[in-house]
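Asks:
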Amino acid sequence: MGLIIWILIALLGGLYITGPIADPDLWWHITTGRWIIAHRAVPVVDHWNMFGAGKEWRAYSWLCEVLFAAIERLYGVEGLMFLKAAFGVMVSLSLCYAFGRIAKDWMFGSLLGLYATVSLFNHFTLRPQAVTWALFAVALCFADSFAEGRARGKALAMLCVVSLFWANIHITSIFGILAVFLWCAGAGGSLSLSLKPSLFMAVFLLFTPYFGGEVFSLISQSTHPFSYSTVAEFQPAQINHYSTGFLVILLAVYFIFLHFRASTFPKAHLLMVALFAFMGLAVIKFMPYGVIAAGAAIAYLWRQNEGSECGLGMLGRGLLRLREIYFSHIEGNGFAVFVLALCAVHVAGISGSPLLSYAQLPVKAVDFIEKHHLPKPILNLFGDGGYLMYRYSREDGTPKMLVAIDGRTNVVPFEIMKKHSSAVRGRLDWKEYFNAVKPNTVLWRTEGPLTAILKETGNWCMVYRDGDLDRGHVVFVKEEFSNGLPCL
Numbered sequence: 195m196g197l198i199i200w201i202l203i204a205l206l207g208g209l210y211i212t213g214p215i216a217d218p219d220l221w222w223h224i225t226t227g228r229w230i231i232a233h234r235a236v237p238v239v240d241h242w243n244m245f246g247a248g249k250e251w252r253a254y255s256w257l258c259e260v261l262f263a264a265i266e267r268l269y270g271v272e273g274l275m276f277l278k279a280a281f282g283v284m285v286s287l288s289l290c291y292a293f294g295r296i297a298k299d300w301m302f303g304s305l306l307g308l309y310a311t312v313s314l315f316n317h318f319t320l321r322p323q324a325v326t327w328a329l330f331a332v333a334l335c336f337a338d339s340f341a342e343g344r345a346r347g348k349a350l351a352m353l354c355v356v357s358l359f360w361a362n363i364h365i366t367s368i369f370g371i372l373a374v375f376l377w378c379a380g381a382g383g384s385l386s387l388s389l390k391p392s393l394f395m396a397v398f399l400l401f402t403p404y405f406g407g408e409v410f411s412l413i414s415q416s417t418h419p420f421s422y423s424t425v426a427e428f429q430p431a432q433i434n435h436y437s438t439g440f441l442v443i444l445l446a447v448y449f450i451f452l453h454f455r456a457s458t459f460p461k462a463h464l465l466m467v468a469l470f471a472f473m474g475l476a477v478i479k480f481m482p483y484g485v486i487a488a489g490a491a492i493a494y495l496w497r498q499n500e501g502s503e504c505g506l507g508m509l510g511r512g513l514l515r516l517r518e519i520y521f522s523h524i525e526g527n528g529f530a531v532f533v534l535a536l537c538a539v540h541v542a543g544i545s546g547s548p549l550l551s552y553a554q555l556p557v558k559a560v561d562f563i564e565k566h567h568l569p570k571p572i573l574n575l576f577g578d579g580g581y582l583m584y585r586y587s588r589e590d591g592t593p594k595m596l597v598a599i600d601g602r603t604n605v606v607p608f609e610i611m612k613k614h615s616s617a618v619r620g621r622l623d624w625k626e627y628f629n630a631v632k633p634n635t636v637l638w639r640t641e642g643p644l645t646a647i648l649k650e651t652g653n654w655c656m657v658y659r660d661g662d663l664d665r666g667h668v669v670f671v672k673e674e675f676s677n678g679l680p681c682l
């Protein structure tokens, strides 16, 4: 019964964070995957961007991109929605498993894993990054096994497998290598022993179609969070962000536990938590790594406490009481049925909701552009470019139209991003972006200041609008190309 409840709790967490498909970047991943499948090779130059076509570019997430493209081709949007739910459950299971193994307490690990999963609600989308969260947690789990001396050969082999998959899914694999080193160092191993798994993992970074060239992509993108301040995922965390509160609470719990183990706590673990927490607070897209690092460190201190009544203070004592109540009164008394019912409610909610988030994706706006054959080029926002790539590409991934800007910061030149940012903010030099793209059609957001500016210029006619004043999409076309369409 305990195993069934554990699985159901993990399932509940994964279903909770699964919502409609809303991330525009998914669509450029699908487009890239289509190209890879059709050409049976990974691209070495860009093919889709107006200002990046022909320039060096690495599809460092090629493995997920092929998966996304294959699922989309075989099963459509319904298949992508199922895949998103599967990814959510995978992340939840990985967190519950890793924290449970580290804590050597499946009940505490499940509680911690469910908490961490819920904190990912605003971050979770169908993107390669979601897989790396699971790999990060599993890497810490196997690093703990290696540091403890439990089946070190198996743990080392599994860490190499994690590194191999991570290297072919996302360029953040260096995060896992660094975390594994700090974890092993914190467990009291010698420097050579702590370095061993990280060095083995580093070797497997070379087993990619680019033979480890993704490292150069990582280096080239290292300053992007500080250069592209208008990109939402590169902005610093704020206290009103959903996930920030979860991380702050986890850090508070961690430091409370440290207070009661001041003489014995692993200092390298503290460094790991501080590093990834700082990264998450400085750049919000890295917040999940901070949550997972803090959760793993808390699980480790829980194990070190070994069930002592006073080893972790009143908070630890309260958690132990909760554990006793769970095993004596809750587990087995219909609790599994209750959790199963909650899972069923979430499944019903997912199946009864729209598969696509039309508030985030310009689906209807692009439908309008195609229906009325509005002229190219199309000027667009950074976030909408990925969907435009998808809509204006063929089944083999080759482009029918080059997009002005898309979700790939390592493709779009900095000068274009700067001009785009001016247009987003409605600055005096907003026309610089228009001068670079030379558009005949504009796809924009309703709530942006540029929408009001274009309505007042007299040269552009707003021919389409959806949503409301706070969120939606608008389409502008030059007056001479309106073809009788009424200006709204």
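Residue 195 is where the sequence shown starts when you use the working numbering, and the numbers rise one by one after that. Where is the CB? At the ideal position from N, CA and C, for every residue including glycine.
(1) Buried or exposed: ILE507, going by 16 or more other Cβ atoms within 10 Å of its Cβ?
(2) Taking just the CA atoms, how far does ASP299 sit from PHE532?
(3) Throw me the rounded Cβ distance for the GLY307 and THR212 pair, which I believe falls under 8 angstroms.
(4) Look at the alpha carbon of HIS233 and the alpha carbon of ASP240, and state the distance between them as a whole number of angstroms.
(5) Using 8 angstroms as the cut-off, can you tell me whether the stretch 388-400 makes contact with the stretch 352-372, which would need three or more C-beta pairs spanning the two stretches below that distance?
(6) Within the chosen definition, does the stretch 279-293 reach the stretch 480-493 through at least 3 CB pairs nearer than 8 angstroms?
(7) Look up GLY667 in the DSSP assignment and say whether it is helix, strand or coil.
(8) Using CA atoms only, rank isn't needed, just tell me which of THR326, LEU464 and LEU575 is closest to LEU644.
(9) Compare the C-alpha of PHE670 against each of HIS567, VAL605, LYS613 and GLU626 and name the closest.
(10) Check for me: the alpha helix (DSSP H) holding TRP327 runs from which residue to which?
(11) Specify the secondary structure class of SER457 as computed by DSSP and reduced to three states.
(12) Decide yes or no for the touch test of the stretch 375-388 against the stretch 426-444: beta carbon pairs closer than 8 angstroms, at least 3 of them.
(13) Please identify the residue among VAL271, PRO548, PRO571 and LEU257 whose C-alpha is closest to the C-alpha of ASN629.
(14) Starting from TRP638, trace the beta strand (DSSP E) both ways and give me its first and last residue.
(15) According to DSSP, simplified to helix, strand and coil, what is THR240?
(16) Bridge partners of ALA487, per DSSP?
(17) How about VAL618 and GLY642: are their beta carbons less than 8 angstroms apart?
(18) Once the 5 residues before and after VAL636 are set aside, which same chain residues still bring their CB inside 6 angstroms of it?
(19) When the distance is taken between beta carbons, is TYR584 closer than 8 angstroms to TYR203?
(20) Taking C-beta to C-beta, are LEU320 and CYS537 nearer than 8 angstroms?
(21) Is there contact between the stretch 512-521 and the stretch 453-463, where contact requires at least three CB pairs shorter than 8 angstroms?
(22) Please state the DSSP three-state secondary structure of PRO556.
(23) What whole-angstrom Cβ distance do LEU220 and PHE276 have, given they're in contact under 8 angstroms?
(24) Determine which residues share a DSSP beta bridge with ARG659 and list them.
(25) So the candidates are ASP561, PRO569 and GLY580; which of them puts its Cα closest to the Cα of ASP660?
(26) How about PRO593 and TRP242: are their beta carbons less than 8 angstroms apart?
(27) Start and end of the alpha helix (DSSP H) containing LEU261?
(28) When you compare the CB of VAL283 with every CB in chain B, is at least one pair closer than 8 angstroms?
(29) Is it a yes or a no for the stretch 542-556 touching the stretch 599-608, going by three-plus beta-carbon pairs under 8 angstroms?
(30) How is the alpha helix (DSSP H) around PHE532 delimited, first residue to last?
(31) Give a yes or no on whether the C-beta atoms belonging to ALA216 and GLN554 are separated by under 8 angstroms.
(32) When the Cα atoms are used, what is the spatial distance from CYS258 to GLN323?
(33) Taking 8 angstroms as the threshold (C-beta atoms), are MET244 and TYR596 in contact?
(34) Are the beta-carbon atoms of TRP222 and VAL236 separated by less than 8 angstroms?
(35) Kindly indicate which three-state DSSP category PRO593 falls into: helix, strand or coil?
(36) Return the first residue and the last residue of the alpha helix (DSSP H) that TYR309 is part of.
Replies: On the basis of the coordinates in this document:
(1) Position 313 of the sequence shown, counted from the first residue, corresponds to residue 507. A quick correction: the sequence has Gly, not Ile, at residue 507. Classification for GLY507: exposed.
(2) Taking the first residue of the sequence shown as 1, we reach residue 532 at position 338. Taking the first residue of the sequence shown as 1, we reach residue 299 at position 105. Rounded to the nearest angstrom, the two C-alpha atoms are 22 angstroms apart.
(3) Your numbering for residue 307 matches position 113 in the sequence shown. Your numbering for residue 212 matches position 18 in the sequence shown. Incorrect: roughly 16 angstroms between the Cβ atoms, too far for contact.
(4) The residue you call residue 233 lines up with position 39 of the sequence shown. The residue you call residue 240 lines up with position 46 of the sequence shown. HIS233 and ASP240: Cα-Cα distance of roughly 14 angstroms.
(5) yes
(6) yes
(7) Taking the sequence shown and counting its residues from 1, one reaches residue 667 at position 473. According to the sequence provided, residue 667 is His. The question's Gly does not apply to it. Strand.
(8) To locate residue 644, count along the sequence shown from 1; it is residue 450. Considering only alpha carbons, the answer is LEU575.
(9) Position 476 of the sequence shown, counting from 1, holds the residue named residue 670. From the listed residues HIS567, VAL605, LYS613 and GLU626, the smallest Cα separation to PHE670 is found for HIS567.
(10) The residue given as residue 327 occupies position 133 in the sequence shown. Taken as a continuous stretch (DSSP letters only), the alpha helix (DSSP H) holding TRP327 covers 322-342.
(11) If you number the sequence shown from 1, residue 457 lands on position 263. Coil at SER457, not helix or strand.
(12) no
(13) The sequence position of residue 629 within the sequence shown is 435, counting from 1. The option with the nearest alpha carbon to ASN629 is PRO571.
(14) Mapped onto the sequence shown, residue 638 falls at position 444. Boundaries of the beta strand (DSSP E) around TRP638: 635-639.
(15) Within the sequence shown, numbered from 1, the residue matching residue 240 stands at position 46. For clarity, residue 240 is Asp in the given sequence; the question names Thr instead. Strand at ASP240.
(16) As a working note, residue 487 is residue 293 in the sequence shown. DSSP lists no beta-bridge partner residue for ALA487.
(17) Stepping through the sequence shown from its first residue, residue 618 is reached at position 424. Stepping through the sequence shown from its first residue, residue 642 is reached at position 448. Cβ atoms of VAL618 and GLY642: closer than 8 angstroms.
(18) Residue numbering aside, residue 636 sits at position 442 when the sequence shown is read from its first letter. Close CB contacts of VAL636 within its chain, under the 6 angstroms cut and outside five residues either way in sequence, are with LEU573 and PHE670 (chain order).
(19) Here residue 203 refers to the residue found at position 9 of the sequence shown. Here residue 584 refers to the residue found at position 390 of the sequence shown. Note that residue 203 is Ile in the sequence shown here, rather than Tyr. Contact: no.
(20) Numbered from 1 along the sequence shown, position 126 holds the residue referred to as residue 320. Numbered from 1 along the sequence shown, position 343 holds the residue referred to as residue 537. It is not a contact, given that the beta carbons lie outside the stated cut-off.
(21) no
(22) To locate residue 556, count along the sequence shown from 1; it is residue 362. Assignment of PRO556 by DSSP, reduced to helix, strand and coil, places it in the coil class.
(23) By one-based count along the sequence shown, residue 220 stands at place 26. By one-based count along the sequence shown, residue 276 stands at place 82. About 14 angstroms; that fails the 8 angstroms criterion.
(24) Walking along the sequence shown from the start, residue 659 turns up at place 465. Paired residues: VAL668.
(25) As a working note, residue 660 is residue 466 in the sequence shown. When each option's Cα is compared against that of ASP660, the closest is ASP561.
(26) Numbered from its first residue, the sequence shown carries residue 593 at position 399. Numbered from its first residue, the sequence shown carries residue 242 at position 48. Yes, Cβ-Cβ distance for PRO593 and TRP242 is below 8 angstroms.
(27) Residue numbering aside, residue 261 sits at position 67 when the sequence shown is read from its first letter. Its alpha helix (DSSP H) spans residues 256-297.
(28) Judged by its chain identifiers, the structure shown contains no chain B, having just a single protein chain.
(29) no
(30) On the sequence shown, position 338 is the one that residue 532 refers to. Residues 529-546.
(31) For the purposes of this step, residue 216 is identified with residue 22 of the sequence shown, where counting begins at 1. For the purposes of this step, residue 554 is identified with residue 360 of the sequence shown, where counting begins at 1. Yes, the pair counts as a contact, with Cβ atoms nearer than the cut-off.
(32) Here the question's residue 258 lines up with position 64 in the sequence shown. Here the question's residue 323 lines up with position 129 in the sequence shown. If you take the alpha carbons of CYS258 and GLN323, they lie about 10 angstroms apart.
(33) By 1-based counting over the sequence shown, the position of residue 596 is 402. By 1-based counting over the sequence shown, the position of residue 244 is 50. Before going further, note that residue 596 is Leu rather than Tyr in the sequence given. Cβ atoms of LEU596 and MET244: closer than 8 angstroms.
(34) As a first step, residue 222 is located in the sequence shown; it is residue number 28 there, counting from the start. As a first step, residue 236 is located in the sequence shown; it is residue number 42 there, counting from the start. The answer is no: Cβ separation not under 8 angstroms.
(35) As a working mapping, residue 593 is identified with position 399 in the sequence shown. Correct three-state label for PRO593: strand.
(36) One-based indexing of the sequence shown puts residue 309 at position 115. First-last of the alpha helix (DSSP H) with TYR309: 300-313.
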